Structures are given as structure tokens and as C-alpha cells.
Amino acid sequence: MSGLEIERKFLVCGEDYKQQAFHHSRIKQGYISSRRGATVRVRLRDGQGFLTIKGPSDAKGMSRYEFEKEISAEEAAHLFELCEPGIIDKTRYLVRAGNHTFEVDEFYGDNQGLVMAEVELQSETETFEKPSFIGQEVTGDRRYYNSHLREYPYSQWPTSEKQ
Numbered sequence: 012m013s014g015l016e017i018e019r020k021f022l023v024c025g026e027d028y029k030q031q032a033f034h035h036s037r038i039k040q041g042y043i044s045s046r047r048g049a050t051v052r053v054r055l056r057d058g059q060g061f062l063t064i065k066g067p068s069d070a071k072g073m074s075r076y077e078f079e080k081e082i083s084a085e086e087a088a089h090l091f092e093l094c095e096p097g098i099i100d101k102t103r104y105l106v107r108a109g110n111h112t113f114e115v116d117e118f119y120g121d122n123q124g125l126v127m128a129e130v131e132l133q134s135e136t137e138t139f140e141k142p143s144f145i146g147q148e149v150t151g152d153r154r155y156y157n158s159h160l161r162e163y164p165y166s167q168w169p170t171s172e173k174q
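For the sequence shown, our numbering gives the first residue as 12, with consecutive numbering after it.
Shown next as C-alpha cells:
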């Protein structure tokens, strides 16, 4: 898959998403490069590997180029050896709302306590139905990018910065 990724991100309130989910999976991901403007990520999900390259976000933080290639679990394991320190560990829940599917990530390890949802859109102006668990929007807030959470985990944020 490659092309323009358009998504909005939100903090999650409560745990209703778990009952509403039609699927969930554990994800481990690391970053070969997490420099601002271009990230190279390796991910292991449901026994399958993925290599993803993301370009810089637009000014609103809503759109950016994404290239993703499926790779074997063995290839992913080798690529994890090249990753920068800090692994993202999370469970992703998939929840349908209207015509969209929200991806809700519950983080573990150094990011324990953080739960975020994102929805992919066809355009930046597309409307969508928000499930009851959707809280404050954090689209474009770099602190909530997974590549940033790898280096500056949620557990290290001052209480005043946690929403």
C-alpha cells in the first residue's frame, strides 16, 4: 500500500471500545529512523511483518505520504535489530462507527495509561460518526506520534501535559 494517508487522532475516554471492537491484535513496532519529516518503521502484527515509510505531515498534521510493504516475520525480526532504542508495544482494537473503522491503541510498557484512536479518511473535510469513547482531538500534536512516544514515553510526561 502506498499513497496519501489522511487521518485524525483522538484521546480515548473509558473502556467502551473493548466491548465495541470486532477485532484486536497485539502490535510491536520499532523505528529504524524516526527523524522529523521521514520515518521508517518495522512492525510485527498477528505474526506478520510490515515495513512502513512515512513522509512529513502537512501543516495540520492530518495528511502525509505512506508506503507500506508486507514482509515476513523473520525479516521483521532481523530489522528490529537495526531499530533505534525504544519499542512501541500496544494492542489495537478495531471499532466500526458508521462508514468508518476506528483503530484504538492501548499502549503498554513506558506508554502505559495512554489510549488513542485514529480514523482514516478519504479527504480532510470528510465527515464521520464519533463513537462514545472519543475524547479530545490530538491530530497534529507531535507528542502523540508513535515515533515520538518511542523517544519520549507517556510515563515520562509531566502530569500537567497529560490530557
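Just so you know, even glycine gets a beta-carbon here, dropped at the ideal spot from N, CA and C.
Here the structure is a predicted model, which is why all the values come from computation and not from measurement.
| Asked | Found |
| --- | --- |
| Which of helix, strand or coil DSSP assigns to A128 | strand |
| N- and C-terminal bounds of the beta strand (DSSP E) containing K65 | Q59 to K65 |
| Per DSSP, the bridge partner or partners of S36 | R103 |
| Bridge-paired residues (DSSP) for T112 | R107 |
| Residues that V53 bridges to, as DSSP identifies them | G41 and L62 |
| For Q31, the first and last residue of its enclosing alpha helix (DSSP H) | D27 to Q31 |
| Cα-Cα separation between T102 and A32, rounded to whole angstroms | 12 Å |
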